[in-house]
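Trainee: In UniProt numbering, the protein residues as written are 1 to 279. Beta carbons are placed, not taken as given, at the ideal position from N, Cα and C, and that holds for glycine. Fair warning: this is a prediction, and the values are worked out from it, not measured in the lab.
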Amino acid sequence: MSQIGHNISLTERARRIRRHALRMGEVQGQGYIAQALGVADVLAVSYFHATNYRPEDPDWEGRDRFLLSIGHYAIALYAALIEAKIMPEDELETYGTDDSRLPMSGMAAYTPGMEITGGSLGHGLGIAVGMALALKRKKSSSFVYNLFSDGELDEGSTWEAAMSAGSYKLDNLIGIVDVNQMQADGPSIGVLNFEPLGPKFEAFGWFVQRVDGNDIDALVKAFDAARHHAEAAPRVIICDTKMAKGVPFLEARDRNHFLRVEPHEWAEALRIIDAGVQA
1 MSQIGHNISL
11 TERARRIRRH
21 ALRMGEVQGQ
31 GYIAQALGVA
41 DVLAVSYFHA
51 TNYRPEDPDW
61 EGRDRFLLSI
71 GHYAIALYAA
81 LIEAKIMPED
91 ELETYGTDDS
101 RLPMSGMAAY
111 TPGMEITGGS
121 LGHGLGIAVG
131 MALALKRKKS
141 SSFVYNLFSD
151 GELDEGSTWE
161 AAMSAGSYKL
171 DNLIGIVDVN
181 QMQADGPSIG
191 VLNFEPLGPK
201 FEAFGWFVQR
211 VDGNDIDALV
221 KAFDAARHHA
231 EAAPRVIICD
241 TKMAKGVPFL
251 EARDRNHFLR
261 VEPHEWAEAL
271 RIIDAGVQA
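1) Which value, in whole angstroms, describes the spacing of the CA atoms of ASP99 and PHE204?
2) What are the partner residues of VAL179, as DSSP defines its beta bridges?
3) So, do the stretch 13-32 and the stretch 176-189 have three or more beta carbon pairs nearer to each other than 8 Å?
4) Can you list, in chain order, the residues of its chain whose CB lies under 6 Å from that of TYR95, leaving out five sequence neighbours each side?
5) Under the rule that 16 or more other beta-carbon atoms within 10 Å means buried, what is ASP171, buried or exposed?
6) Judging by CA-CA distance, which residue of GLU262, ASP254, LEU259, LEU250 is the nearest neighbour of ILE273?
7) Look up VAL247 in the DSSP assignment and say whether it is helix, strand or coil.
8) Considering only residues of the stretch 84-145, which uninterrupted beta strand (DSSP E) runs meet the minimum length of 3 residues and lie entirely inside it, listed in chain order?
9) Near GLU155, which residues of its chain fall below 7 Å by C-beta distance, leaving aside the five closest residues on each side in sequence?
10) Flag ALA21 as yes if its beta-carbon sits less than 9 Å from any beta-carbon of chain C, otherwise no.
11) What span of residues does the beta strand (DSSP E) with ASP212 cover, start to end?
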């Protein structure tokens, strides 16, 4: 991982990621805030425990690649990139505006640290397989992480990629599935039932772990086990997360795939996040 800020706890990193996301959401008054709040713990562990990178050199050849397949989660990844000092914090005020390096859907050409343009759902894992194969040919020790959503399990391309990763025994590939049980058309399992999810990946030859994606200690153990697993096989961490985690009045909303938040509610959400655990 980056060598910055070892004295800051992962819990505090997650709180700050949530705060950065809320501040960006306030700029537009709406957005994919519930996903950002829900996946903040996963991103904190990814960037401040598991992933090797250099903030001052986002294109460093020796880095681990962190792919955001779910392009509409860009606000969440921007918050992590800001916390990691890959992007400056003052740019969050430009979120979603013309000429911003922080467009509302992630675009690799715009944002340092954004490895792929992931707006077409279901493509990320296939790209990750290609990157993992290329790194093996280069004799690189770097890992490829691919964060994708339970909604992307509806896409056949995801399962083609999963099958090919197992066939190629890509032990440098770590998939991260955000299972938050919500997509644009409603609860994820109600749209298309993907359970039992773990056994499906196991059948394709993956090393599988399933954890509470809002439990930082469990995430640390899972990421460590994924990186150090001895078998020549791709690894997947299935993360059960709660939409809008950390802001109870947003957690309670039934339809929170795309949140519209009233002006006074942003301040209340920030107040709740700021009342959380400090470093």
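Mentor: According to the data block:
1) Using only the alpha carbons, I get a separation of about 43 Å.
2) In DSSP, VAL179 forms a bridge with ASP240.
3) No contact exists between the stretch 13-32 and the stretch 176-189.
4) MET24, VAL27, LEU102
5) Under a 10 Å Cβ-count criterion, ASP171 is classified as buried, with 16 or more other Cβ atoms of the shown protein chains found around its own Cβ.
6) LEU250
7) coil
8) Runs found: none.
9) LEU121, GLY122
10) Considering every chain present, this structure includes no chain C. It has just one protein chain.
11) 207-212
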